[in-house]
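Letter by letter, the sequence shown follows residues 1 to 455 in the UniProt record's numbering.
The beta carbon of each residue, even a glycine, is placed where N, CA and C say it ideally should be.
Since this is a predicted model, take the numbers as computed values, not measurements.
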Amino acid sequence: MSTPISNNCTESLNVKRSVTCPSLSSSSNLLIVCCTTVTCSSVSMKVTTQTLLLDYCHITEMYDHYLETLPHILEGLQGGCHVNPYFEQLYREFERQKECYLPLALFLLQPAHRLLHYCHLLQRLHESYDPNHTDSSACLDMLQRLRKATSLHTESVSELENFVVLMELQRELTGVDSLMQPGRVFVREGCLQKLSRKGYQQRMFFLFSDMLIYASRSSSAQLQFKVHGQLPLHSLSVDETEPKAEAAFRFNIYAANRALMVAASSEEERQKWMRALSSSIAAACNPKNERLHYSSLKSCHSSDERLDRVSLEGRQSPSNGPTERQTQHRSNTAVHVCWHRNTSVGRDDHQKAHRNFLSGFLLRKFKNSSGWQKLWVVFTNFCLFFYKSYQESSPLASLPLVGYNVTLPGPNDNINKDFVFKLQFKTHVYFFRAESEYAFERWVEVISIAATKKF
């Protein structure tokens with residue numbers, strides 16, 4: 001079990017809550033060494049950084065092996081769920097345990113990012129040293145070794161991140177063939193309003209390097225998304241259109257034989273979608289990128305008209321899976337948060353969320369409360385997870401940050417404390433207080449990755 005070096009050390013990766021390869025256990029010690037050295041860099045230490053750090057150079061070989069093995073593990077999990085209903089049921093039951101607060105595939109992916117995390121720690125440690133400090137050269141030596149190791153795996157880690165996103169989206173969607181196609185890259189997912197016979201209806205759009213999918217959320221126990229249409233990108237074009245009262249941020253998506261009239265929630269969201277669509281369409285139309293086959297796509301038209309007449313529930317086949325009482329819906333994943341908050345996230349957002357971790361103590365205060373509650377907080381995958389202490393194995397609650405604004409408290413907030421930041425989404429307001437200026441800056445830095453607006 002990992003323990004915090006001090007209450008002010010917020011660099012812990014919280015390794016006891018990660019599913020890792022047993023051979024990587026010594027790398028947990030390296031992180032503790034880094035945290036200890038960062039925290040105590042201004043204190044006279046009998047043991048030098050060289051002694052502490054260079055003894056762990058061998059962990060790069062362990063990560064080489066892990067990154068070579070991980071694709072086979074993920075492919076085995078995905079394939080097993082696809083062909084074996086019993087295995088899929090066991091998989092879902094495992095994920096419903098309260099300790100498994102993220103999808104299992106994301107836990108398996110976390111060790112792939114640790115070398116990068118160590119690089120960030122050592123970078124800050126090296127910058128804190130005086131150039132003539134006795135440990136500066138040893139720290140730089142270790143940093144250069146880790147940078148070399150991470151540079152060798154940049155492409156493979158990016159491919160693994162993409163595979164995990166596709167793998168999880170495959171589990172969220174019904175009515176679509178396998179998303180796991182060679183060369184397919186996730187680009188963007190999020191909520192748009194689509195014009196149908198009943199007016200503008202909320203839909204989830206999923207943009208990939210070769211196709212665009214749109215769907216609505218069903219009322220099944222697992223709240224999956226039912227696909228309405230699939231459009232190959234090489235047949236698409238997009239343009240902006242004049243605003244109307246019911247849809248101010250409209251744009252059109254043209255397919256070979258039809259047009260989709262959609263509206264975003266803001267001008268910023270519209271521009272994000274139009275840029276992503278335009279660049280993806282241009283890339284898909286490049287002859288050098290014609291590696292994918294579209295024969296597996298079931299439909300290139302909308303099923304909205306049929307859905308106007310037939311309910312989604314009536315179209316569902318009898319379920320042999322867990323009952324609604326048994327199913328624990330994971331509402332803090334990006335796809336469901338985007339649906340509820342009418343926003344979107346892109347590939348870059350997912351990469352940043354995967355590669356940034358932070359944990360430590362924070363004091364939390366609700367908008368209308370007077371007291372502060374001290375909690376152990378873990379940031380990962382666009383979300384804050386709250387624990388009573390670092391010794392707890394499962395979170396008390398979680399707060400997805402997609403769509404939130406992170407700012408400083410204003411005069412009307414009546415917060416007379418230092419190192420406080422404010423999180424707000426519409427009427428939902430939270431205040432968090434760090435225990436030092438350094439901790440405050442680090443929390444704001446990582447939370448800004450997931451939040452909509454920063455200060």
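Contact between the segment 169–184 and the segment 239–248 is not established, with fewer than three Cβ pairs separated by less than 8 angstroms. Annotated three-state conformation of V402 is coil, per DSSP.
In this chain, the alpha helix (DSSP H) harbouring K352 covers 347–355. About 6 angstroms separates the beta carbons of L108 and I73, which is inside the 8 angstroms limit, making them a contact pair. For K426, there is no enclosing beta strand (DSSP E), since its DSSP letter is neither H nor E. Collapsing the DSSP output to three states places G80 in a helix.
Two segments are said to touch when three or more pairs of C-beta atoms, one from each, lie closer than 8 angstroms; by this definition the segment 132–139 does not touch the segment 89–103. Inter-residue distance for F361 and L408 is about 19 angstroms (C-alpha atoms, whole angstroms). Residue pairing by DSSP places G410 in no beta bridge whatsoever. Between the alpha carbons of V429 and P411 lies a gap of roughly 15 angstroms.
Counting along the chain, no alpha helix (DSSP H) covers Q391, and no H or E run does either. Non-local C-beta neighbours of G403 in its own chain, meaning closer than 6 angstroms and more than five positions away in sequence, comprise R341, T343, F425, T452, ordered along the chain. Setting aside the 5 residues that flank it on each side, Y214 is surrounded in the same chain by R203, F205, H228, G229, each with a C-beta closer than 6 angstroms to its C-beta; the list follows chain order.
Taking each of A284, S137, K226, R188 in turn and checking the Cα distance to E269, the smallest one comes out for R188. The beta carbon of F94 sits closer than 8 angstroms to those of C100, L104, all from its chain and outside the five residues before and after it, given in chain order. By the criterion of a C-beta distance shorter than 6 angstroms, S237 is surrounded in its chain by Y254, once the five residues flanking it on both sides are discounted. Between F208 and the set R347, D413, E392, the nearest pair of CA atoms involves R347. L115 and C139 do not touch by the CB rule: their CB atoms are close to 16 angstroms apart, not below 8 angstroms. Taken atom to atom, the span from the alpha-carbon of R250 to that of C119 is near 43 angstroms.
As far as DSSP is concerned, A248 takes part in no beta bridge.
I447 and N257 have their alpha carbons spaced roughly 43 angstroms apart. DSSP, read as helix, strand or coil, puts A105 in helix. Per the coordinates, the alpha-carbon of V406 lies some 10 angstroms from the alpha-carbon of W443. Under a 10 Å Cβ-count criterion, G371 is classified as exposed, with fewer than 16 other Cβ atoms of the shown protein chains found around its own Cβ.
Going by DSSP, Q271 is part of the alpha helix (DSSP H) stretching over 267–284. Within the same chain, Cβ atoms closer than 7 angstroms to the Cβ of L143 are found at C119, L122, Q123, H126, the five residues on either side in sequence being excluded. With distances taken between CA atoms, S359 lies nearest to V378 out of V420, V378, E68. Assignment of F163 by DSSP, reduced to helix, strand and coil, places it in the helix class. When the beta-carbon positions are compared, P395 and Y387 come within less than 7 angstroms of each other. A residue is called buried once 16 or more other Cβ atoms fall within 10 Å of its Cβ, and P111 is buried on that count. Non-local C-beta neighbours of S136 in its own chain, meaning closer than 8 angstroms and more than five positions away in sequence, comprise H126, Y129, D130, ordered along the chain. If you draw a straight line from the Cα of V262 to the Cα of A353, it is about 28 angstroms long. Annotation: F382 is outside any alpha helix (DSSP H) and is labelled neither H nor E by DSSP. In this structure, DSSP gives C191 an extended state, which the three-state scheme calls strand. At the C-beta level, I415 and F432 stay beyond 7 angstroms of one another.
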